[in-house]
Every structure is written in C-alpha cells, then in structure tokens.
Amino acid sequence: MVQTNIILRCRDLSGSSIQHLPTKGLSMLEKLFLEDIWSLKVFPFVLDFFYVKEASLTYPHHCCAFHHPELQYPAIFHEFQKMISESCGSDMMTPMPEDQTWSRSRRSLDSFSDPAVAWIKQVACTPRPDCFNPCEDVMGYMWLRVVVWFVVITALMGNLIVLIVTIGSWRASTFTVAKFLMCNLAFADLLISVYLLMLASFDLHTMGVYFTRAIPWQYGGWCQTAGFLAIFATCLSTFTLTVITMERWYAISYAIHLTKRLRLRLACKILLLGWVFALIMAFLPILGVSSYSKTSICLPMEASSAMDKAYVLMLLVINALAFCLICFCYVDMFRQVRGDSSETNTASHNDLTIAKKMSILVFTDFLCLFPIAFFGLTAAAGNSFIDVTESKILLVFFFPLNSCANPFLYAIITKQFKKDVYAMFNKCRICRRATKKYRMSHSS
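For the sequence shown, the numbering used here begins at 137 and goes up steadily by one.
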C-alpha cells in the first residue's frame, strides 16, 4: 500500500462565505488567498502559518496580526515563545522583564534557523493597514484619551443640566421660542457627547489590542449607532444654531415692530424640517451611501464612488454654507445696532447683549467645525493632507468641543437660566429657603 502525503503550498478561498479558517493541514502554506470573505471576521493565530510568504486577505486589521503577533493572542504567543526557548537552549531561559519579552524573543528568532524568521519579517500581507485603518487604538494618543474623557463628562453634565432645568421649569406661559431652540440644541449636543462616550469606552476596553476587535466594532451595530448619532446630532445642532442666529437677526432688524417675532408654532415647524433633514443625512450611510465602517471613529469618510463623494461634499458644504450665513447675520446685526447707537432702545440693547453672547457661541462652534470641513473637503477632492491618526485630534477632540461649550455659553452662565433653576426648585418644592430668598431679592 502506497501512502501519499499531500502538502498544500497555496490555498485560495476567495469569495467564499466561511466564518472560521481551520489551520490543521495548512502549516506548510506559502500563499494564502482570502479576498472578499467578509464573513471571516476572526483570523487564526498567524504563527500557525510558519511558511507563508504571501497573504491576500479581506480586512486590513488582519494584516496587523502579522506585524504584532504578540498582541493577537497573548497566551498562545507565550506558549510559542516557550517552545522557541526550549528549542534554542538555555540562552532563552534567562528571566527578563515583561516589556522586553517581545524584543528579546524577536532577536532570538532572528538567530534561530526556523522558517518563522523569514515569515516574521518578509510576509507580504494585503490589504496593508492604511491611513484609514492603521494598527492603533481608537484614540491613538494617550493625552487625547485623557482629554476626551474630560470633554465627555463635561458635555454630558452640562447638556443634561440644561435639559433638566429647562424642562423642569416648564410652564406654558413662560416657554419661549428661545427656550424651545435651546432644548433642541442641548439635545443635539447631548447626543454628540453620547457618541464620544461610546468611542472612549470602546477605546478603554480595547486599549493596546484594538486591531484584534476592530472588525466586530467597525462592521457591527455599535459603530453604525455611534456614526448615526454623530451625523444626526451634528446636522441638528448646526440647523438649530442657524435658526437661533436668524431669529436674533430678524428680531434686531425689525426691533420697532414688536409683532414681527418668530412664534413658537412656526419654530416647531421649522425645527421639524431640521429633524427630517438630520435623520435623512444620518440614515444615508446605513443605506449604502458612504459608510460608517471606514474608520474606527465611525464617521462617513468613505469616498470611493461618485455617490459617496457627493454625500461627503454635500455634508461639508451644508455646514460651510451655514457658517457663512451665520457670519453674515452677525455682521449685519452689529452693523444695524452700531448705526442706531444714538437711540436708547431697551429692546434693542437686550438684543445686542444676546447677539454678543451668541456670537461667542457661534465662534466656538465653528472654530471646531471649520478645520474638519477644510480637511474633509480636501480629502473628498483627493488631496488629503492628514491621515486618520492626525484627524482624530480634529474629529474626536475638536468635533465635540462645541457640545461641551454650548450649554455653558448659551444657558448656564445666563441670568435667565438662574431664574429657571429657582423656578424648577419652586415647582418641585425643594430648596425653599434659597428660592424664597432669591424671589425676595429680585422682587424688591
């Protein structure tokens, strides 16, 4: 009886729908082709393929395992090191600090006559980690990780306080258009902080080993949810801010005509359009126009097709147009008030005070959004000056900074908000002594 041993040197499973790749019988492979297998989300331990020279995979993050095998499966890698140590003799048995383990073992592998040496350094893996999918954590920088948590906590607390106080002090007779718009702005900013909380939490959970869990995150429901919240909240916040600015501009332009003011009913209809617009823009990447799965920060940066580029450009151009419109309104407001400075009009003076405060708010918002719009437009045009590693500073730090500043600049530091706080206390029948003292001091 003749026994035939068949050794596989090349294996092509591209286009299949396998979910698990067995390693038994494949240790002698030199070429491995696993392209367009989107169902294979977990890659086996790369050191099981000792002789592989070329690997064509589906996900860039699987190639990260070839660069950092010590992070893919630490326990299995430790056993592999132990095996190499026993094979190489007593030189490898010398105890060493944990942080030097990989560098020392790699030097030992370099001098060890095992095919794994060539594999470690020379394996050609595609698609290679690129500017959109590098082998790094979600945040990338330790200082950014710290700052992000500060922004998350501040934004969550600030916007929650604004919503609780505004809704808690609600009375039909005192619920103005300004309060209605402020509630919408605070709600949108709260969603942005929730988006950032999701990123920061996942980054903390996968610190140092993100690439091993990147695929379930980016292509799963959590990243889709985070991206949806980010785009919906950004569009709603920008739309609300534009309405607030135009309402102030309209009030100052027609200060003499007290009846010409934005009514609550009309404001509700306008904001309804804003909600519909924000929902449409947020749903499009889920429906296949661009994608939230392009990067670890779950923003629609896919611009491969004409439809994708049109979506990204439309998103950024709308924000740029809103910025220009708001700038025009504030320039015109200050021009009108300066021209009427000889008149002593109390209403006009109050509008000017609000306009100054709102201009600070708008400047803060678009100080954060302008660099994002600039780099986004250049990237969509094919001239990206920064990669994802650098853009995380813009998209994860500056992007939500306005949601951190808005509740303080627009509500918490105003006198009206202080009145609303005591009105809520009075309605809930808490802090009665402080409430009574406040009412007496302002009634006298």
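Cβ atoms here follow ideal geometry from the backbone N, Cα and C, with glycine treated the same way.
- In the three-state scheme derived from DSSP, where H, G and I count as helix and E and B as strand, Thr550 is classed as coil.
- Between Phe185 and Leu170, the CB-CB gap reaches or exceeds 8 Å.
- Counting C-beta atoms within 10 angstroms of its own C-beta, Met343 has fewer than 16 neighbours from the protein chains shown and is therefore classed as exposed.
- Burial state of Lys528 is buried, judged by a 10 Å Cβ sphere holding 16 or more other Cβ atoms.
- Relative to the Cα of Ala362, the nearest Cα in the group Met164, Val379, Ser337 and Val178 belongs to Ser337.
- Buried is the label assigned to Met318, since at least 16 other Cβ atoms lie within 10 Å of its Cβ.
- In the structure shown, the three-state DSSP call for Phe169 is strand.
- In the DSSP assignment, Asp339 falls within the alpha helix (DSSP H) that extends over Val313 to His341.
- Where Ala439 is concerned, there is no enclosing beta strand (DSSP E), because DSSP gives it neither an H nor an E.
- If only uninterrupted beta strand (DSSP E) runs of at least 3 residues are considered, those enclosed by the region 175 to 231 are 190 to 192.
- At least 8 Å separates the beta-carbon of Asn295 from that of Thr376.
- Leu176 sits close to Thr194, with the two beta carbons spaced by under 8 Å.
- Taking C-beta atoms as the reference points, Val274 and Ile433 count as a pair closer than 8 Å.
- For Arg471, the three-state secondary structure derived from DSSP is helix.
- Comparing alpha carbon positions, the residue from Glu215, Lys551, Thr431 and His204 closest to Ile351 is Thr431.
- With contacts defined as CB atoms closer than 8 Å, Cys271 and Phe213 fail to qualify as a contacting pair.
- Between Ser192 and Ile173, the gap from beta carbon to beta carbon reaches 8 Å or more.
- At the C-beta level, Trp358 and Asp468 stay beyond 8 Å of one another.
- Closest by C-alpha distance to Ala291, out of Phe553, Thr550, Asn538 and Gln552, is Asn538.
- Spanning the alpha carbons of Tyr355 and Ile422 requires a straight line of approximately 11 Å.
- Distances from the CA of Phe561 to each of Ile289, Ala324, Phe181 and Ile300 were compared; the closest alpha carbon is that of Ile300.
- Taking the CA atoms as reference points, Ile380 sits about 25 Å from Leu530.
- In the structure shown, Asp148 falls within a strand segment according to DSSP collapsed to helix, strand and coil.
- Residue pairing by DSSP places Thr262 opposite Ser192 in a beta bridge.
- Membership of Phe419 in the alpha helix (DSSP H) is indicated by the continuous run Leu400 to Phe419.
- In this structure, DSSP gives Asn295 a helical state, which the three-state scheme calls helix.
- Note that the C-beta distance between Phe413 and Cys371 is below 8 Å.
- Taken through DSSP and simplified to helix, strand or coil, Tyr355 comes out as coil.
- Going by C-alpha positions, Cys404 is about 39 Å away from Val282.
- In this structure, Tyr428 keeps its C-beta atom at 8 Å or more from the C-beta atom of Gln472.
- According to the DSSP assignment, Cys540 belongs to the alpha helix (DSSP H) that extends over Leu537 to Pro543.
- Counting the other Cβ atoms within 10 Å of the Cβ of Met278 gives fewer than 16, which makes it exposed.
- Just measuring C-alpha positions, the residue of Ala314, Met417, Ile416 and His197 sitting nearest Thr378 is Ala314.
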